């Protein structure tokens with residue numbers, strides 16, 4: 001049986017998705033819970049890894065088991081065995097060939113920035129606190145310049161191992177609600193650190209350090225050193241994976 | 001100088017407001033930050049203590065110092081010295097005779113319950129997860145029966161030391177938004193555990209274990225053993241203190 005799960009997690013105390021010896025990871029927590037409930041050692045495959053500290057509203061993963069309780073009671077049992085900062089929102093039995101990473105068509109991320117003087121004690125884990133003045137119009141323009149198909153090498157982690165850095169963005173929007181600034185992006189795939197590097201660059205545009213029309217050249221340069229710094233992981237949420 | 005501060009805190013990791021040796025408390029964190037910034041050992045007095053695990057959106061406290069930076073930079077410096085789960089939202093210089101506890105006229109609390117199957121990993125610290133079916137109409141009626149001036153002995157912690165248990169409630173409302181149930185209460189004062197004991201009793205009304213018209217007799221009984229259990233502290237927020 002091939003089981004598809006939709007998972008929410010607070011990434012604050014995790015060293016990211018991928019299992020690592022001696023560290024708390026989301027994949028590790030899931031493997032442990034599944035083994036506890038089914039007695040089976042499985043491999044849990046996500047749509048993609050998330051960085052240490054990054055959150056997910058609806059990460060998707062799948063795993064194979066030889067037998068399992070009904071979906072409703074399996075989900076309940078797994079949530080009972082999982083730490084409370086990882087929750088299985090949906091659990092379904094799917095076709096044997098469903099593959100959470102290969103079959104993902106689109107992914108959406110949201111990056112959250114708090115620009116006010118005092119971050120709420122209930123929200124500091126989920127916002128990057130950035131108090132310099134930000135000009136919205138140039139940020140909106142710069143974000144829009146990333147729409148469509150581009151080689152995103154300039155925004156990829158220097159150590160990235162992806163064969164091709166060509167990705168398509170269907171949405172790339174900055175909006176501000178009071179002191180809260182959100183960057184929302186949807187694409188057919190993302191390179192390592194790509195969203196955080198885009199945000200770091202957009203913040204340089206917002207503070208006037210960089211011009212919005214320079215984004216086209218930045219993409220053409222295909223040079224990580226030309227883009228802005230990597231924004232911290234705590235503001236990043238994996239929002240949705242479409243299949 | 002008499003300094004009035006309005007404080008928000010996430011009570012999750014604190015053993016309540018009041019300073020205790022060897023424990024993390026909100027008062028202890030504040031004393032420590034004030035001493036670090038001003039070099040002065042002060043006494044920080046709140047409008048009232050909150051229990052271990054209880055949160056505050058706007059607790060009010062005051063303290064006296066012989067000298068201090070301007071309010072804006074004092075607040076900034078204190079927030080820099082405080083852990084991120086305690087934030088000073090406002091800091092003002094007030095009349096020498098202002099007293100955060102004695103001068104409080106009204107206090108508002110909110111209690112949060114999540115009734116759905118899966119609590120979000122971003123919210124579990126702030127909701128009591130209660131999954132039994134709840135009937136709203138009787139709960140609303142029972143909450144309303146507490147409005148006005150009553151002796152609340154039945155809802156006070158057994159060990160309470162208050163001289164009089166007579167308090168007046170100006171608001172006592174239950175409402176449900178999707179899976180979220182909120183109890184909102186405003187009064188001229190509250191006995192220890194009073195809100196949590198009211199909520200524990202209202203939940204018994206909601207599950208049919210207790211009738212809403214029994215609330216009048218429960219108040220008359222002045223007997224803690226007649227009321228419901230104490231609802232867990234994690235769902236409770238001190239919302240506002242009026243002066």
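Residue numbers (this note's numbering), protein chains in the order written: chain A, 1 to 243; chain B, 1 to 243.
We put the CB at the ideal spot given by N, CA and C, even for glycine.
Remember, it's a predicted structure, so these values are computed and weren't measured experimentally.
**Study point:** Chain-ordered chain A contacts of residue 8 of chain B [CB-CB under 9 Å]
**Key:** For the purposes of this step, residue 8 of chain B is taken as the residue at position 8 of the second chain. Residues of chain A passing the Cβ test: 118, 120, 121, 122.
Review point. Can you pull the DSSP bridge partners for residue 86 of chain B?
Key: In the second chain, counting from the first residue as 1, residue 86 of chain B sits at position 86. Paired residue(s): B:9.
Check your understanding: For residue 58 of chain A, which residues of its own chain have a beta-carbon under 8 Å away from its beta-carbon, when the five flanking residues on both sides are left out?
Key -> As a first step, residue 58 of chain A is located in the first chain; it is residue number 58 there, counting from the start. For residue 58 of chain A, where only same-chain residues beyond five positions count, the Cβ hits under 8 Å are 6, 7, 8, 89, 238, 239, 240, 241.
Practice item. Decide if the region 211-220 of chain A is in contact with the region 134-147 of chain A; the criterion is three or more beta carbon pairs, one per stretch, under 8 Å apart. Key: Contact holds: three or more Cβ-Cβ distances are below 8 Å.
Review point. Any idea what DSSP makes of residue 26 of chain A, helix, strand or coil?
Key: Numbered from 1 along the first chain, position 26 holds the residue referred to as residue 26 of chain A. Looking at residue 26 of chain A - three-state DSSP - the assignment turns out to be helix.
Check your understanding: At what residue ranges does the region 20-85 of chain A contain a whole run of the alpha helix (DSSP H), taking only runs of 4 or more?
Key -> List check, alpha helix (DSSP H) in window: 26-38, 71-81.
Review point. Run through DSSP, which three-state label would residue 203 of chain B get?
Key: Counting from 1 along the second chain, the entry for residue 203 of chain B is found at position 203. If DSSP states are grouped into helix, strand and coil, residue 203 of chain B belongs with the helices.
Exercise for review: Report yes if the C-beta distance between residue 87 of chain A and residue 119 of chain B is below 9 Å; otherwise report no.
Suggested key: Here residue 87 of chain A refers to the residue found at position 87 of the first chain. Here residue 119 of chain B refers to the residue found at position 119 of the second chain. Yes; because the gap between Cβ atoms is below 9 Å, this pair is in contact.
Practice item. Please name the residues in the region 82-116 of chain B whose beta-carbon is closer than 8 Å to at least one beta-carbon of chain A, in chain order. Key: Within the region 82-116 of chain B, the residues whose Cβ lies closer than 8 Å to some Cβ of chain A are 84, 85, 86, 87, 88, 89, listed in chain order.
Review point. Cα-Cα, which of B:25, B:157, B:186, B:179 is closest to residue 131 of chain B?
Key: Here residue 131 of chain B refers to the residue found at position 131 of the second chain. Comparing Cα positions, the closest option is B:179.
**Study point:** Limits of the unbroken alpha helix (DSSP H) element including residue 222 of chain B
**Key:** The count along the second chain starts at 1 and reaches residue 222 of chain B at position 222. Membership of residue 222 of chain B in any alpha helix (DSSP H) is not indicated, and neither H nor E is assigned to it by DSSP.
Review point. Residue 79 of chain B versus chain A: which residues are under 8 Å apart at the beta carbon?
Key: Working through the second chain from its first residue, we reach residue 79 of chain B at position 79. 118, listed in chain order.
Check your understanding: Relative to the C-alpha of residue 234 of chain B, which residue among B:2, B:123, B:22 is closest?
Key -> Looking up residue 234 of chain B in the second chain gives position 234. Of B:2, B:123, B:22, the smallest CA-CA separation from residue 234 of chain B is found for B:123.
Practice item. Taking only the alpha-carbon atoms, compute the straight-line gap between residue 28 of chain B and residue 199 of chain B and give it to the nearest angstrom. Key: Here residue 28 of chain B corresponds to residue number 28 of the second chain, with the count starting at 1. Here residue 199 of chain B corresponds to residue number 199 of the second chain, with the count starting at 1. Their backbone Cα atoms lie some 29 Å apart in a straight line.
Review point. Residue 126 of chain B CB to nearest chain A CB: under 9 Å?
Key: Here residue 126 of chain B corresponds to residue number 126 of the second chain, with the count starting at 1. Closer than 9 Å to the CB of residue 126 of chain B there is at least one CB belonging to chain A.
Check your understanding: Just curious, the beta strand (DSSP E) that residue 186 of chain B is in, first and last residue?
Key -> In the second chain, the residue the question calls residue 186 of chain B occupies position 186. Going by DSSP, residue 186 of chain B is part of the beta strand (DSSP E) stretching over 180-187.
**Study point:** Residue(s) in a DSSP beta bridge with residue 237 of chain A
**Key:** Looking up residue 237 of chain A in the first chain gives position 237. BP columns for residue 237 of chain A point to A:55, A:110.
Practice item. Quick one: grab the DSSP three-state call for residue 135 of chain A. Key: In the first chain, the residue the question calls residue 135 of chain A occupies position 135. Of the three classes helix, strand and coil, the one that applies to residue 135 of chain A here is coil, per DSSP.
Exercise for review: Look up residue 252 of chain B in the DSSP assignment and say whether it is helix, strand or coil.
Suggested key: Residue 252 of chain B is absent from the structure shown; chain B starts at 1 and stops at 243.
Point to revise | Cβ pair residue 154 of chain B, residue 223 of chain B closer than 9 Å | key: Working through the second chain from its first residue, we reach residue 154 of chain B at position 154. Working through the second chain from its first residue, we reach residue 223 of chain B at position 223. Yes.
Practice item. For residue 47 of chain B, count neighbouring Cβ atoms within 10 angstroms of its own Cβ and tell me buried if that reaches 16, exposed if not. Key: For the purposes of this step, residue 47 of chain B is taken as residue 47 along the second chain, with counting starting at 1. That one is buried.
Point to revise | Buried versus exposed, by CB contacts within 10 Å (16 or more), residue 11 of chain A | key: Walking along the first chain from the start, residue 11 of chain A turns up at place 11. The residue in question, residue 11 of chain A, is buried, as its Cβ has 16 or more Cβ neighbours within 10 Å.
**Study point:** Own chain, CB closer than 6 Å to residue 174 of chain B, minus 5 neighbours either side, in chain order
**Key:** In the second chain, residue 174 of chain B corresponds to position 174, counting from 1. Answer for residue 174 of chain B: 139, 140, 143, 183, listed in chain order.
Point to revise | Beta-carbon proximity check, residue 4 of chain A vs residue 92 of chain A, cutoff 9 Å | key: Taking the first chain and counting its residues from 1, the one referred to as residue 4 of chain A is at position 4. Taking the first chain and counting its residues from 1, the one referred to as residue 92 of chain A is at position 92. Between residue 4 of chain A and residue 92 of chain A, the C-beta spacing is below 9 Å.
Review point. Is residue 96 of chain A helix, strand or coil by DSSP?
Key: As a first step, residue 96 of chain A must be located in the first chain, where it is residue number 96. Residue state, collapsed to three classes: coil.
Check your understanding: Relative to the alpha-carbon of residue 96 of chain B, which residue among B:65, B:108, B:84 has its alpha-carbon at the smallest distance?
Key -> Start at 1 with the first residue of the second chain, and residue 96 of chain B comes out as number 96. In terms of CA proximity to residue 96 of chain B, B:65 leads the group B:65, B:108, B:84.
Practice item. Would you verify that the beta carbon of residue 240 of chain A is, or is not, closer than 9 Å to some beta carbon of chain B? Key: For the purposes of this step, residue 240 of chain A is taken as the residue at position 240 of the first chain. Not one chain B Cβ lies under 9 Å of residue 240 of chain A.
Point to revise | Within-9 Å CB hit, residue 76 of chain A to chain B | key: The residue given as residue 76 of chain A occupies position 76 in the first chain. The Cβ of residue 76 of chain A sits closer than 9 Å to at least one Cβ of chain B.
Review point. At which residues does the beta strand (DSSP E) containing residue 146 of chain B begin and terminate?
Key: Here residue 146 of chain B refers to the residue found at position 146 of the second chain. Looking at the DSSP string, residue 146 of chain B is not in any beta strand (DSSP E), and its letter there is neither H nor E.
Practice item. Using beta-carbon positions only, say whether residue 68 of chain A and residue 44 of chain A come within less than 9 Å of one another. Key: Reading the first chain from its first residue, position 68 is the one you call residue 68 of chain A. Reading the first chain from its first residue, position 44 is the one you call residue 44 of chain A. Contact flag unset, no.
**Study point:** Exposed unless 16 or more other CB atoms sit within 10 angstroms - verdict on residue 80 of chain A
**Key:** Within the first chain, the letter at position 80 stands for residue 80 of chain A. It counts as exposed.
Check your understanding: Between the Cα of residue 109 of chain A and the Cα atoms of A:54, A:71, A:205, A:151, which residue gives the shortest distance?
Key -> Residue mapping note: residue 109 of chain A aligns to position 109 of the first chain, counting from 1. Looking from the CA of residue 109 of chain A, the closest CA among A:54, A:71, A:205, A:151 belongs to A:54.
Exercise for review: Answer yes or no: do residue 25 of chain B and residue 19 of chain B have a C-beta to C-beta separation smaller than 9 Å?
Suggested key: In the second chain, the residue the question calls residue 25 of chain B occupies position 25. In the second chain, the residue the question calls residue 19 of chain B occupies position 19. Yes.
Practice item. Just mark residue 125 of chain B as buried or exposed, buried being the case when its beta carbon has 16 or more other beta carbons within 10 Å. Key: Reading the second chain from its first residue, position 125 is the one you call residue 125 of chain B. Classification of residue 125 of chain B: buried, given that the 10 Å Cβ count is 16 or more.
Exercise for review: Grab the span of the beta strand (DSSP E) containing residue 169 of chain B for me, first residue to last.
Suggested key: Walking along the second chain from the start, residue 169 of chain B turns up at place 169. Residues 166-177.
Point to revise | Residue-level contact to chain A via CB, residue 193 of chain B, 9 Å cutoff | key: The residue you call residue 193 of chain B lines up with position 193 of the second chain. Any Cβ of chain A closer than 9 Å to the Cβ of residue 193 of chain B would place that residue at the interface, and such an atom is absent.
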